[in-house]
Amino acid sequence: MKDIIVAGSAGFCFGVRRSVELAEEAIAHGDRPCYSLGELIH
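Numbering (the working numbering), first residue to last: 10 to 51.
See below:
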């Protein structure tokens with residue numbers, strides 16, 4: 010499984026935090042591979 014690493018100094022708005030949370034949940038609880046078409050956040 011891949012890890013999502015976020016810098017301690019990173020500051021995120023609600024939408025970015027939610028995107029990362031959803032990706033982490035999909036990876037942790039999904040029974041299928043999780044893909045992203047491009048960058049998750051910019």
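All C-beta atoms, glycine included, are put in the ideal place defined by N, C-alpha and C.
- Comparing alpha-carbon positions, the option among 50, 49 and 32 lying closest to residue 42 turns out to be 32.
- Separation of residue 49 and residue 10 (C-alpha to C-alpha, rounded to the nearest whole angstrom) is 17 Å.
- It is roughly 9 Å from the alpha-carbon of residue 20 to the alpha-carbon of residue 26.
- If you draw a straight line from the Cα of residue 36 to the Cα of residue 30, it is about 10 Å long.
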